[in-house]
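K.L.:
Before I ask anything, let me first share the structure, which is written out below as structure tokens.
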Amino acid sequence: MKTKSHATGLFFALALGVLSCKDSNQVLDKEVDSSTTPSGERSSALNYSDSDLVLGRKLENPYSTVNMKKAAESLRSKGQDLPVSIVTNYYYVRFLPSSDEEYDKLNADTTVDLFEYPLDYEIAKQGNSYRDPSLSTDAKFTWLYAAIPVENLKRFDLKLEVLEELYLPFGNGKELETDLQIRNKALLTHLEDESMSLTGNLDSETEDNKNAKIADWYSSGRIRVWDERLNYNDGTGQYQAGAGWVPVPACLVRGNRWFTTKSALSYNNGYFFIDHGWPNGKGVNYSIKWDRADFDIRDGSYGQSHFNGPKIQGQWNLDISEGGTPDNYIFAHVHRAAWYYYYNNTFGVPSPPGSGVLSKMHLGSKQGSGRSHYFAFNSAWAAAQIKLIFDLNNDDARVIFGTTIHELTHASHWAMGMSYEAYTLNTGQARKLAESWAQAVGWHITREVYGHNANPQLDFDAQQHLSLADVQASDYTPLFIDLIDNHNQFDASSGRPNDLASGYTITQLVNFLFARPTNWYQYRSYLEDNSSNPTEAAASQLFSDYD
Numbered sequence: 035m036k037t038k039s040h041a042t043g044l045f046f047a048l049a050l051g052v053l054s055c056k057d058s059n060q061v062l063d064k065e066v067d068s069s070t071t072p073s074g075e076r077s078s079a080l081n082y083s084d085s086d087l088v089l090g091r092k093l094e095n096p097y098s099t100v101n102m103k104k105a106a107e108s109l110r111s112k113g114q115d116l117p118v119s120i121v122t123n124y125y126y127v128r129f130l131p132s133s134d135e136e137y138d139k140l141n142a143d144t145t146v147d148l149f150e151y152p153l154d155y156e157i158a159k160q161g162n163s164y165r166d167p168s169l170s171t172d173a174k175f176t177w178l179y180a181a182i183p184v185e186n187l188k189r190f191d192l193k194l195e196v197l198e199e200l201y202l203p204f205g206n207g208k209e210l211e212t213d214l215q216i217r218n219k220a221l222l223t224h225l226e227d228e229s230m231s232l233t234g235n236l237d238s239e240t241e242d243n244k245n246a247k248i249a250d251w252y253s254s255g256r257i258r259v260w261d262e263r264l265n266y267n268d269g270t271g272q273y274q275a276g277a278g279w280v281p282v283p284a285c286l287v288r289g290n291r292w293f294t295t296k297s298a299l300s301y302n303n304g305y306f307f308i309d310h311g312w313p314n315g316k317g318v319n320y321s322i323k324w325d326r327a328d329f330d331i332r333d334g335s336y337g338q339s340h341f342n343g344p345k346i347q348g349q350w351n352l353d354i355s356e357g358g359t360p361d362n363y364i365f366a367h368v369h370r371a372a373w374y375y376y377y378n379n380t381f382g383v384p385s386p387p388g389s390g391v392l393s394k395m396h397l398g399s400k401q402g403s404g405r406s407h408y409f410a411f412n413s414a415w416a417a418a419q420i421k422l423i424f425d426l427n428n429d430d431a432r433v434i435f436g437t438t439i440h441e442l443t444h445a446s447h448w449a450m451g452m453s454y455e456a457y458t459l460n461t462g463q464a465r466k467l468a469e470s471w472a473q474a475v476g477w478h479i480t481r482e483v484y485g486h487n488a489n490p491q492l493d494f495d496a497q498q499h500l501s502l503a504d505v506q507a508s509d510y511t512p513l514f515i516d517l518i519d520n521h522n523q524f525d526a527s528s529g530r531p532n533d534l535a536s537g538y539t540i541t542q543l544v545n546f547l548f549a550r551p552t553n554w555y556q557y558r559s560y561l562e563d564n565s566s567n568p569t570e571a572a573a574s575q576l577f578s579d580y581d
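Residue numbering for the sequence shown follows the numbering used here, beginning at 35 and increasing consecutively.
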């Protein structure tokens, strides 16, 4: 794409186009035998699909201050006295953010847990997301529901509606238990049960056990996703080659009952344990919120992605598969890649921006056709900075993982000083520098995770099978990969590049980016002036050959 103008509007329009990367199945090669895909075990979710969540009937709220006072009076009439006064201590509210900044600020508030659906309705069918039907189709956010402490009402500076006054005997789950709550747990639990009974909400299992000795149970379980190339051996704690289930580490698992929510991050082996005692006989609604401090995963471009699981008492052992819940299959593998890049990258490559209201990375992920891309200005209209699009007829787990790393590398590179204008106008082969660097980091990190074949240099083939003519015609070159590895693709075919360079490390190569080169030739000069590698002449020749 060529341009003769530097006008801002044209620049933004061009940038949006040229920052698009290749289709995911072009960026990474995929050779998977579909016979290895699971069949009968495709989804362990109860009454779940990747479609929208469907609400059932509205319930009478047992935690409203009015109903809690009625329950207290009922207990007193039976001779039970309560050690507390029933006064409103929380508000049941809903928020409507108007921008990413408002949403991120609200989402970062540690005193609330947000839900896209109202908390005083039955759920007829679980699903990825719920959108309030009263909102216009072009509204970028839906109403978000929560229970907030009464003293925090005025701290929120976005659209907010108070739906009901609440009395929560044990709080909304965000605070530590008080001495009063611990000492009087049995009485306060009876108060809850009495209000549940009076409002017609007492669970059948609670009815059967309401006179039994109160004992706590703890939410726990395991989150896994199907991978066409890897599986995880629980016995050894190691990954190994071959299709199978792999853990989803550090995902946010929530247990929710009405207005009380507790959560925990899954361990590296996929298991999770929520350190909160739920009264015996009371099930909780399990869910995954694909959200971390530095990044979140959007369902498309805007809405927060979730896996809304079953309401049960006991463990939640979830296996996510492409055939059962394809959207969450994508979310889980995007999460795996982002988690690895942000929290396990030990190669000297800077993590992408994150950890802040204005810098949190949003990864919009969906099925479809088109090009994945990174474009920071997306956030100006509340869209995800990274857009990931996958065709599951062609793209497997490793493709999703590698493409996510590729786009996150662009975010990291731009934070180091890569220029939008240089990329847009392709000044000095700037695109070739940016895309070749993203190819290399994608190759390097993905190989660290998936490199379990006999020859780890070749098991993740990133443009090293192309002819020299094809490489010269593409922005996606194997240049930085060739500087690192000791494989010469010319040995397989004389029409391929003659790669005699080797021995550079990913850490050395990223250090030259800190000098903020914005094009191919500037980077080459930094390499020639600051490298002592014995294959430096061959490295310079590759720059010329790939130009």
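The beta carbon of each residue, even a glycine, is placed where N, CA and C say it ideally should be. Only a predicted model underlies this, so the values are computations on that prediction, with no experimental measurement involved.
1) Between the Cα of Lys-103 and those of Pro-203, Ser-393 and Trp-448, spot the shortest distance and give me the residue it belongs to.
2) CA-CA distance, Gly-430 and Val-121?
3) Quick one: what's Glu-198 bridged to in DSSP?
4) Looking at C-beta atoms only, is the number of pairs between the segment 357–368 and the segment 192–199 that lie closer than 8 Å three or more?
5) Just the C-alpha distance for Ala-246 and Asn-314, rounded to the nearest angstrom, thanks.
6) Starting from Pro-183, trace the alpha helix (DSSP H) both ways and give me its first and last residue.
7) Flag this pair as yes or no: are the beta carbons of Ile-257 and Phe-381 separated by less than 9 Å?
8) With three or more C-beta pairs closer than 8 Å as the rule, is the segment 278–298 touching the segment 318–334?
9) Mark Ile-423 as exposed unless 16 or more other C-beta atoms lie within 10 angstroms of its C-beta, in which case mark it buried.
10) What does the Cβ neighbour count give for Gly-74, buried or exposed, with the cut at 16 atoms within 10 Å?
11) If you draw a straight line from the C-alpha of Ala-449 to the C-alpha of Phe-329, how long is it?
12) State yes or no: is the beta carbon of Arg-256 nearer than 9 Å to at least one beta carbon in chain B?
13) Report all residues from its chain with a CB closer than 7 Å to the CB of Gly-334; omit the five preceding and five following residues, and keep chain order.
14) May I ask you to report which of helix, strand or coil DSSP gives Tyr-408?
15) Does the segment 298–308 come within contact of the segment 261–281, defined as at least 3 CB pairs closer than 8 Å?
16) Can you have a look at Asp-261 and say buried or exposed, based on whether 16 or more other CB atoms are within 10 angstroms of its CB?
17) Which two residues bound the contiguous alpha helix (DSSP H) that contains His-369?
18) So, for Gly-337: in the same chain, excluding its five sequence neighbours on each side, which residues have a beta-carbon less than 6 Å away from its beta-carbon?
19) For Lys-421, tell me which candidate among Asn-428, Asn-427, Arg-432 and Thr-438 has the shortest Cα-Cα distance.
20) Is the beta carbon of Thr-443 sitting closer than 9 Å to the one on Pro-386?
21) Which of helix, strand or coil does DSSP assign to Lys-219?
22) Is Thr-294 helix, strand or coil by DSSP?
23) Consult DSSP for Gln-349 and reduce its assignment to one of helix, strand or coil.
24) Report all residues from its chain with a CB closer than 8 Å to the CB of Leu-89; omit the five preceding and five following residues, and keep chain order.
25) Given this structure, state the Cα-to-Cα distance separating Asn-427 from Glu-211, to the nearest angstrom.
26) How is Gly-357 classed by DSSP in three states: helix, strand or coil?
27) Is Gln-114 buried or exposed, if buried means 16 or more other CB atoms sit within 10 Å of its CB?
28) His-396 and Leu-547: beta carbons closer than 9 Å?
29) Sort Gly-388, Gln-347, Pro-183 and Ile-364 by Cα distance to Ser-355 and report the nearest one.
30) Exposed or buried, Leu-543, counting other C-beta atoms within 10 Å across all chains shown (16 or more means buried)?
31) Are the CB atoms of Trp-477 and Gly-451 within a distance shorter than 9 Å?
32) Just verifying my parser: in three-state terms, what is the DSSP assignment at Leu-153?
33) Can you tell me the Cα-Cα spacing of Gly-343 and Asp-84, whole angstroms?
P.N.:
Looking at the coordinates:
1) Position 69 of the sequence shown holds residue 103. Ranking Pro-203, Ser-393 and Trp-448 by Cα distance to Lys-103 puts Pro-203 first.
2) Residue mapping note: residue 430 aligns to position 396 of the sequence shown, counting from 1. Residue mapping note: residue 121 aligns to position 87 of the sequence shown, counting from 1. Before going on, a small fix: residue 430 reads as Asp here, not Gly. The straight-line gap from Cα to Cα measures roughly 54 Å.
3) In the sequence shown, residue 198 corresponds to position 164, counting from 1. Glu-198 is bridged to Tyr-126.
4) no
5) Reading the sequence shown from its first residue, position 212 is the one you call residue 246. Reading the sequence shown from its first residue, position 280 is the one you call residue 314. Unreliable placement is indicated for Ala-246, whose pLDDT of 47 sits below 50; no coordinate value is reported for it.
6) Indexing the sequence shown from 1 puts residue 183 at position 149. Where Pro-183 is concerned, there is no enclosing alpha helix (DSSP H), although the beta strand (DSSP E) it sits in stretches over 178–183.
7) Residue numbering aside, residue 257 sits at position 223 when the sequence shown is read from its first letter. Residue numbering aside, residue 381 sits at position 347 when the sequence shown is read from its first letter. It is not a contact, given that the beta carbons lie outside the stated cut-off.
8) yes
9) Numbered from its first residue, the sequence shown carries residue 423 at position 389. Buried is the call here.
10) Residue numbering aside, residue 74 sits at position 40 when the sequence shown is read from its first letter. Confidence at Gly-74 is low in this model, with a pLDDT of 29, below 50, so the placement of that residue should be treated as unreliable; the coordinate-derived value is given next. Result: exposed.
11) For the purposes of this step, residue 449 is identified with residue 415 of the sequence shown, where counting begins at 1. For the purposes of this step, residue 329 is identified with residue 295 of the sequence shown, where counting begins at 1. Rounded to the nearest angstrom, the two C-alpha atoms are 15 Å apart.
12) Among the protein chains of the structure shown there is no chain B, as only one such chain exists.
13) Locating residue 334 in the sequence shown gives position 300, where the first residue counts as 1. Within the same chain, Gly-334 has close Cβ partners Gly-398 and Lys-400.
14) Here residue 408 is taken as the residue at index 374 of the sequence shown, counted from 1. Tyr-408 falls in the strand class under three-state DSSP.
15) yes
16) Indexing the sequence shown from 1 puts residue 261 at position 227. Classification of Asp-261: buried, given that the 10 Å Cβ count is 16 or more.
17) As a position in the sequence shown, residue 369 is number 335, starting the count at 1. Run containing His-369: 360–377, per the alpha helix (DSSP H) assignment.
18) As a first step, residue 337 must be located in the sequence shown, where it is residue number 303. Once the five neighbours on either side are set aside, the close Cβ partners of Gly-337 are Ser-163.
19) Counted from its first residue, the sequence shown places residue 421 at position 387. Selected option, being the one with the closest Cα: Thr-438.
20) As a first step, residue 443 must be located in the sequence shown, where it is residue number 409. As a first step, residue 386 must be located in the sequence shown, where it is residue number 352. In this structure, Pro-386 lies closer than 9 Å to Thr-443 by Cβ.
21) Reading the sequence shown from its first residue, position 185 is the one you call residue 219. Note: Lys-219 maps to helix in three-state DSSP.
22) The residue you call residue 294 lines up with position 260 of the sequence shown. Here Thr-294 sits in strand by DSSP.
23) In the sequence shown, counting from the first residue as 1, residue 349 sits at position 315. Coil, per DSSP.
24) Here residue 89 refers to the residue found at position 55 of the sequence shown. Excluding positions up to five away in sequence, the list reads Tyr-151, Pro-152, Tyr-155, Glu-156, Ile-157, Ala-158 and Tyr-164.
25) Reading the sequence shown from its first residue, position 393 is the one you call residue 427. Reading the sequence shown from its first residue, position 177 is the one you call residue 211. Rounded to the nearest angstrom, the two C-alpha atoms are 50 Å apart.
26) Counting from 1 along the sequence shown, the entry for residue 357 is found at position 323. In this structure, Gly-357 counts as coil in the three-state DSSP scheme.
27) Along the sequence shown, read from residue 1 onward, the residue named residue 114 stands at position 80. Label assigned to Gln-114: exposed.
28) Translated into positions along the sequence shown, residue 396 becomes position 362. Translated into positions along the sequence shown, residue 547 becomes position 513. No, the pair does not count as a contact, with Cβ atoms beyond the cut-off.
29) The residue you call residue 355 lines up with position 321 of the sequence shown. Ranking Gly-388, Gln-347, Pro-183 and Ile-364 by Cα distance to Ser-355 puts Ile-364 first.
30) Stepping through the sequence shown from its first residue, residue 543 is reached at position 509. With 16 or more Cβ atoms within 10 Å of its Cβ, Leu-543 is classed as buried.
31) The residue labelled residue 451 in the question sits at position 417 within the sequence shown. The residue labelled residue 477 in the question sits at position 443 within the sequence shown. No, the Cβ-Cβ distance between Gly-451 and Trp-477 is not below 9 Å.
32) Within the sequence shown, numbered from 1, the residue matching residue 153 stands at position 119. In the structure shown, Leu-153 sits in coil (DSSP, three-state: anything other than H, G, I, E or B).
33) Along the sequence shown, one-based indexing puts residue 343 at 309. Along the sequence shown, one-based indexing puts residue 84 at 50. So the alpha carbons of these two residues sit roughly 11 Å apart.
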